[in-house]
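For reference, the structure discussed in these notes is given below.
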């Protein structure tokens, strides 16, 4: 009984890592579909999200069942309680990738992102992919130091977002209403990718140390 | 020992209800500051959010401690695990109210909301306040039926959001870039209030029934 219980705990961590890999793909493909106006890619991000939602439901059910049936303590309890939150954060990132892909689809065959915002969104996409990758690696290697790095990357994302607002509302802005709405919402979605990754990092640190990092440096994303 | 433990469980539920009341105030005041360009009100929503963030941290710490120290089972375990999620959802709603108030402050002394969108946002605000109130009452009275009503209210919010896009991008739209950006983001924030309330409803149902409602009708907000 105990063996199979420990196998279940290991399998939860493995599945979190696998889910994070799928989320990384969703973000990369969503961003690519946006920046290359690739309808097929956009459709595939949208339809693949079913799998992430399904994993979310299954993992949540499994974790709640383990809590109910095994009455885990200490480190095991931390893993299960954290897993419930991490699958939620990952599933939200998948939803955001769908939002990005839907804007790409809505504007197809045009580019949703106005030309002068392309570099900015390309950088945001790179940051989002990097922060999710680091969150996954910190989980995989149970590396609290790695998880701490996420906050600095999140700050780069916030800076890019502020720059986008300056560009949007600057005097020489010749953007359309549609373009402005897309930029505002897309900027929000990319910013949220990073926030959710930071939240995953918080849980990784909690799994390892038993302490939830708090305060200014650790926004409750 | 058991008595004080049960007192702690009751106090968790009481504090969730109290936190939901504060969130309702934050949403109402945030919306009022927005719709009346009231700087004092906006500032107060922004500064009061510290309290919600503090409650979030304290409650999360308390719940994780109870899990670690008491090894609760069955209904008690469900309350604690759900409370961790509910405080998170409530704190996010508080953050969104701050986002709304910050847009009001940014545009002061002007109205952030363009005149022709005022009715729409007034209705969104009323829906947001109502859905949070119902989520709180369902929690207070442990009323699963009440929690189920949240989904229908959420749909009204989504409909309003779609109408806003139609108005924004319609042929006779004479809105400024700034106005369009504000409407797009504010619409998103109000939509998210409802999503988070629905997520609270899911947890109320889980506390009562032991089942997490799933599927199309219960988006994993």
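Protein chains in written order, with this note's numbering: chain A, 102 to 322; chain B, 102 to 322.
C-beta atoms are modelled at their ideal positions from N, C-alpha and C, and glycine is treated no differently.
Any C-beta of chain B under 9 angstroms from that of residue i
i                      : result
residue 311 of chain A : yes
residue 201 of chain A : no
residue 264 of chain A : no
residue 291 of chain A : no
residue 198 of chain A : no
residue 105 of chain A : no
residue 221 of chain A : no
residue 258 of chain A : no
residue 281 of chain A : yes
residue 206 of chain A : no
residue 175 of chain A : yes
residue 294 of chain A : no
residue 304 of chain A : no
residue 191 of chain A : no
residue 179 of chain A : yes
Between the CA atoms of residue j and residue i - distance to the nearest angstrom
i                      : j                      : result
residue 246 of chain B : residue 250 of chain A : 44 angstroms
residue 156 of chain B : residue 168 of chain A : 25 angstroms
residue 177 of chain A : residue 311 of chain A : 11 angstroms
residue 266 of chain B : residue 285 of chain B : 8 angstroms
residue 243 of chain B : residue 151 of chain B : 28 angstroms
residue 139 of chain B : residue 287 of chain B : 16 angstroms
residue 118 of chain B : residue 191 of chain B : 10 angstroms
residue 300 of chain B : residue 161 of chain B : 17 angstroms
residue 200 of chain B : residue 211 of chain A : 31 angstroms
residue 217 of chain B : residue 225 of chain B : 14 angstroms
residue 264 of chain A : residue 270 of chain A : 10 angstroms
residue 315 of chain A : residue 213 of chain A : 37 angstroms
residue 137 of chain B : residue 180 of chain A : 47 angstroms
residue 112 of chain A : residue 154 of chain A : 18 angstroms
residue 283 of chain B : residue 219 of chain B : 12 angstroms
residue 175 of chain A : residue 302 of chain A : 19 angstroms
residue 232 of chain B : residue 189 of chain A : 22 angstroms
residue 256 of chain A : residue 105 of chain B : 43 angstroms
residue 292 of chain A : residue 291 of chain B : 18 angstroms
residue 322 of chain A : residue 289 of chain A : Below a pLDDT of 50, predicted positions are generally treated as unreliable, and residue 322 of chain A, at 49, falls in that range; no measurement from the model is reported.
residue 172 of chain B : residue 172 of chain A : 6 angstroms
residue 273 of chain A : residue 223 of chain A : 22 angstroms
residue 281 of chain A : residue 308 of chain B : 43 angstroms
residue 215 of chain A : residue 135 of chain A : 11 angstroms
residue 110 of chain A : residue 120 of chain A : 15 angstroms
residue 148 of chain A : residue 207 of chain A : 15 angstroms
residue 144 of chain A : residue 196 of chain A : 13 angstroms
Residue j beta carbon less than 9 angstroms from that of residue i
i                      : j                      : result
residue 295 of chain A : residue 258 of chain A : yes
residue 252 of chain A : residue 158 of chain B : no
residue 128 of chain A : residue 229 of chain A : yes
residue 221 of chain B : residue 170 of chain B : no
residue 130 of chain A : residue 116 of chain A : no
residue 305 of chain B : residue 198 of chain B : no
residue 276 of chain A : residue 278 of chain B : yes
residue 133 of chain A : residue 237 of chain A : no
residue 359 of chain B : residue 194 of chain B : Since the first residue shown for chain B is 102 and the last is 322, residue 359 of chain B is missing from the structure and cannot be characterised.
residue 227 of chain A : residue 114 of chain A : no
residue 202 of chain B : residue 126 of chain B : no
residue 240 of chain A : residue 182 of chain B : no
residue 335 of chain A : residue 234 of chain B : The requested residue 335 of chain A does not occur in the structure, where chain A is confined to residues 102 to 322.
Span of the alpha helix (DSSP H), counted from its first residue to its last, around residue i
i                      : result
residue 183 of chain B : 175-208
residue 263 of chain B : 251-270
residue 145 of chain B : 140-171
residue 304 of chain A : 278-310
residue 244 of chain A : Looking at the DSSP string, residue 244 of chain A is not in any alpha helix (DSSP H), and its letter there is neither H nor E.
9 angstroms Cβ cutoff, residue i in contact with chain A
i                      : result
residue 232 of chain B : no
residue 110 of chain B : no
residue 102 of chain B : Residue placement at residue 102 of chain B cannot be trusted, given a pLDDT of 48 that sits under 50; what the coordinates show is reported in the next sentence. No, because no Cβ of chain A sits closer than 9 angstroms to the Cβ of residue 102 of chain B.
residue 169 of chain B : yes
residue 218 of chain B : no
residue 147 of chain B : no
residue 269 of chain B : yes
residue 209 of chain B : no
residue 308 of chain B : no
residue 163 of chain B : no
residue 284 of chain B : yes
residue 125 of chain B : no
residue 121 of chain B : no
residue 238 of chain B : no
Residue i beta carbon near the ligand SAM (any heavy atom closer than 8 angstroms)
i                      : result
residue 302 of chain B : For the ligand SAM, the structure offers nothing, since it holds no ligand at all.
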